[in-house]
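Below is one structure, written out as structure tokens; the observations come after it.
Chains as they are written, first to last, in the numbering used here: chain P, 611 to 947; chain R, -13 to 296.
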């Protein structure tokens, strides 16, 4: 495989001493779509905000984020600012609050074109119109003079996407891009992202808690739990035959249209980052937890070609849903509380 | 927009009418101008004649109707002490007051807003904490205390500046400082919190994610949003240009509207008091009206409130 476009190495992030990301290694290759899934608080968004140095100053970030062999975490800020929106674009969860309420779309889109493409005057207006057309906003010329509150959530997210691709980035990071939108609009936005990726040949990182969204859009998936990647591999085999009990749990918690099938929620909650359980962070909630899980935290290891899993019991049979968790909490679960 | 303005203007008129009515009632219930102006040892016939001359012997509602009718005709009454039109006497004092309050307003804006913005941008640093401590002091110390401290230091101890009176620029420095520092402190605190609120918004992160340098994010994205709440306070400061110096004018024996108000209240010179209160209410209400219009200019979400999102 070609050299990766972006390689994250040993990334850790802590807020006031509470670890949010605990050693993430991840590579994104040119043109590929990588999904990052996990519950809220798993560190999936923080990983990418940290990579672009968009976290507040109180976040303690360590590790390396390599782009063309340069470490974004060590570069002078002006060089990172040239990467943001230029090499790596980013869009966020709630487009209504991610756009500036007092500025027209023309201005918000135009400043990216001026910054990264060196355009000015009429060239900005023409390119801004083309971009709005490209992301499927009807009547683009008129929309340039609109304010965000005059458009729907889906249209605002399209504007966000137009802004993020305006600098012709090699990678678009989409952080929960459909979570705040209606279901019907979600599909349109995902289709748009997939189409733009094909047309523009850019790589896509899709951060989502929604496995369905990721499965549809991505080539490769990294599953995150409690600030680490616990499983990684090509999307289809990973979802068909997960190698980590947490991935299995996420799949079992997916609602289906079959009413007879009961949803199996993962018991318990994500551990408090200030009081991580010993050994595997998932062990207190894991139906397969065994004494070996309470030892050292399992590392991410290759299981099959292209597949990686961080489970202390790599030989588990996860083809079927797990047995019901025991009625009495395991000792490890008490350690969480 | 016109409709919005018409509604606001109507409300403004009602506010002024309420202030005028309230002042009228309170002043007439709280002391007899005849005794206060003529003196207690004047014979009763003289007092009665005074009351008759000024219409004070009429029932209060008759006085009120007459007074209100006169206002609507632009007649704000005559001073009972000087027998001159109240409006004329008050107007003579306005320049002196503005000579203090306008420089003080400039000081408030020039110091308060930059300090607040700077403190917000350096939240948690020593500079931020120093500004906030200074702001709490400036905010909490009553202006007469600050005025006396300044007089003690700069007039009594150092002998640099006069402790009162009018005439030279040197006379203006201490009263302007007294007025300006408190307002600057309030404005710094308010601007800082407005700025912090805006800096935490997702669109600031978006602007950074677009690759804009931090200075451009602050200038182009944070400041226009932080200006919206700050304008409210600035409007209030502008509204108090006429009446904001009552205490300071008294301390520094500055012959402005504020000191005139204190004297007129003490002697129950009704027309003067009412004329000043009307003027104060009108400036405050007008500046609020301007703020409302400015909101519409600064915040497009308010500009056409009725137009729903497409």
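Virtual Cβ for every residue (Gly too), placed ideally from N, Cα, C.
As the structure is a computational prediction, the values presented were derived from the model and not from experiment.
query, result
"Between residue 195 (chain R) and chain A, is any beta-carbon pair separated by less than 8 angstroms?", "No chain A is present in this structure, whose protein chains are P and R."
"CA-CA distance, residue 306 (chain R) and residue 86 (chain R)?", "Absent from the model: residue 306 (chain R). The displayed extent of chain R is -13 to 296, so no value can be given."
"Which residues in chain R sit within 9 angstroms of residue 683 (chain P), going by Cβ to Cβ distance?", "Near residue 683 (chain P) there are no residues of chain R at all, since even the closest Cβ is about 16 angstroms away, more than 9 angstroms."
"When you compare only the Cα positions, how much space is there between residue 736 (chain P) and residue 785 (chain P)?", "28 angstroms"
"Which residue spans inside the region 647 to 707 of chain P form an unbroken beta strand (DSSP E) run of at least 3?", "669 to 677, 698 to 701"
"For residue 40 (chain R) and residue -10 (chain R), I'd like the C-alpha separation in whole angstroms.", "42 angstroms"
"If we define contact as Cβ-Cβ less than 8 angstroms, is residue 655 (chain P) a contact residue for chain R?", "no"
"Since residue 645 (chain P) contacts residue 824 (chain P) with CB under 8 angstroms, what's their CB separation in whole angstroms?", "3 angstroms"
"When the distance is taken between beta carbons, is residue 243 (chain R) closer than 8 angstroms to residue 79 (chain R)?", "yes"
"Exposed or buried, which one is residue 94 (chain R) when buried takes at least 16 other CB atoms within 10 Å?", "buried"
"Return helix, strand or coil for residue 138 (chain R), following the three-state DSSP convention.", "helix"
"For residue 668 (chain P), which residues of its own chain have a beta-carbon under 7 angstroms away from its beta-carbon, when the five flanking residues on both sides are left out?", "625, 626"
"May I ask you to report which of helix, strand or coil DSSP gives residue 879 (chain P)?", "coil"
"Buried or exposed: which applies to residue 154 (chain R), given that a residue is buried once 16 or more other Cβ atoms fall within 10 Å of its Cβ?", "exposed"
"Hey, could you find the ends of the beta strand (DSSP E) residue 841 (chain P) is sitting in?", "838 to 844"
"Is it a yes or a no for the region 724 to 743 of chain P touching the region 769 to 783 of chain P, going by three-plus beta-carbon pairs under 8 angstroms?", "yes"
"Leaving out five residues before and five after residue 946 (chain P) in sequence, what residues of the same chain have Cβ atoms less than 6 angstroms from its Cβ?", "Because the pLDDT at residue 946 (chain P) is just 42, under 50, the model does not fix this residue reliably, and the point stays unresolved."
"Anything in chain R within Cβ reach of residue 725 (chain P), meaning under 8 angstroms, just list it in chain order.", "196, 197, 198"
"Going by other Cβ atoms of all chains shown within 10 Å of its Cβ, with 16 needed for buried, is residue 780 (chain P) buried or exposed?", "buried"
"Assuming residue 273 (chain R) is part of the alpha helix (DSSP H), what are its boundary residues?", "256 to 284"
"Counting beta carbon pairs with one atom in the region 26 to 42 of chain R and one in the region 211 to 229 of chain R, are three or more of them shorter than 8 angstroms?", "no"
"Can you find a CB in chain P that lies within less than 8 angstroms of the CB of residue 178 (chain R)?", "no"
"Roughly how many whole angstroms lie between the Cα atoms of residue 691 (chain P) and residue 191 (chain R)?", "12 angstroms"
"Within this structure, are the beta carbons of residue 232 (chain R) and residue 219 (chain R) separated by less than 8 angstroms?", "no"
"What does DSSP give as the partner residues of residue 784 (chain P) in its beta bridges?", "P:701, P:816"
"Among the residues of its own chain, which have a CB less than 6 angstroms from the CB of residue 670 (chain P), if the five just before and after it don't count?", "624"
"Among residues of its own chain, excluding the 5 on either side of residue 854 (chain P), which ones have a beta-carbon nearer than 6 angstroms to its beta-carbon?", "840, 841, 919, 921"
"Please check if any C-beta of chain P sits within less than 8 angstroms of the C-beta of residue 108 (chain R).", "no"
"Specify the secondary structure class of residue 619 (chain P) as computed by DSSP and reduced to three states.", "strand"
"Residue 832 (chain P) lies in the beta strand (DSSP E); which residues open and close that run?", "830 to 835"
"Compare the Cα-Cα distances from residue 300 (chain R) to each of P:720, P:803, P:654, P:632 and report the closest residue.", "Outside the displayed range of chain R (-13 to 296) lies residue 300 (chain R), so it cannot be described from this structure."
"Is there a Cβ from chain P that is less than 8 angstroms from the Cβ of residue 192 (chain R)?", "yes"
"Check whether the region 124 to 137 of chain R and the region 163 to 172 of chain R are in contact - that is, three or more C-beta pairs closer than 8 angstroms.", "yes"
"For residue 918 (chain P), does the three-state DSSP call read helix, strand or coil?", "strand"
"Since residue 878 (chain P) and residue 653 (chain P) are thought to touch, with beta carbons under 8 angstroms apart, how far apart are those beta carbons, to the nearest angstrom?", "The pair is not a contact, with the Cβ atoms about 18 angstroms apart (cut-off 8 angstroms)."
"Nearest chain P C-beta to residue 144 (chain R) closer than 8 angstroms, yes or no?", "no"
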